[in-house]
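Here is the structure we will look at.
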Amino acid sequence: MSQRDGFTGGFLAGAIVGGLVGGVLGTVLANRGRRGLADGDNQAFLEESRNGRLTPEEGMEVARRSLEDKIAQLNLAIDDVRQQLGAVQENGSDH
Numbered sequence: 008m009s010q011r012d013g014f015t016g017g018f019l020a021g022a023i024v025g026g027l028v029g030g031v032l033g034t035v036l037a038n039r040g041r042r043g044l045a046d047g048d049n050q051a052f053l054e055e056s057r058n059g060r061l062t063p064e065e066g067m068e069v070a071r072r073s074l075e076d077k078i079a080q081l082n083l084a085i086d087d088v089r090q091q092l093g094a095v096q097e098n099g100s101d102h
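For the working numbering, add 7 to where a residue sits in the sequence shown, where the first one is 1.
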């Protein structure tokens, strides 16, 4: 019976922590996505490529830089969530 009790407690704790992580990560990414759209980098890229102002090589370079920026934003969001989870876990272990 004790194994079942441990499983149930672990399952519930995992579901709660998973929900918190998902909520925080979703909020952080949504806020960063809004800021990225406000910058207008993608819009400028699309307009220039439609008008034929960029060569294919330039277009690839702009797309690569944009992708690197997005990856950097995701890495920052992941680091933020890790820090917040560390704080939550430290507070939870005090009890």
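From the three backbone atoms N, C-alpha and C, an ideal C-beta is built for every residue, glycine too.
These figures come from a predicted structure and were not determined experimentally.
With distances taken Cα to Cα, identify the nearest neighbour of V35 among A22, R89, V95.
The shortest Cα separation from V35 among A22, R89, V95 belongs to R89.
Does DSSP put R60 in a helix, a strand or coil?
The answer is coil: DSSP assigns R60 none of H, G, I, E or B.
Suppose the cutoff is 7 Å on Cβ atoms and the five residues either side in sequence are ignored; what does the same chain contact list for V31 look like?
The answer, listed in chain order, is V88, Q91.
Taking the alpha-carbon positions, what's the L27 to E65 distance?
Their Cα atoms are separated by approximately 41 Å.
Taking L83 as the reference, give the member of Q96, T15, N38, A22 with the closest Cα.
Looking at the Cα atoms, N38 is the closest of the given residues.
If you draw a straight line from the C-alpha of G25 to the C-alpha of L19, how long is it?
Straight-line Cα distance between these residues: approximately 10 Å.
Can you tell me the Cβ-Cβ gap for V69 and L81, rounded? I've got them flagged as a contact below 8 Å.
The Cβ separation is near 19 Å, so there is no contact.
Between K77, M67, E75, I23, which has its C-alpha nearest V95's C-alpha?
With distances taken between Cα atoms, V95 lies closest to I23.
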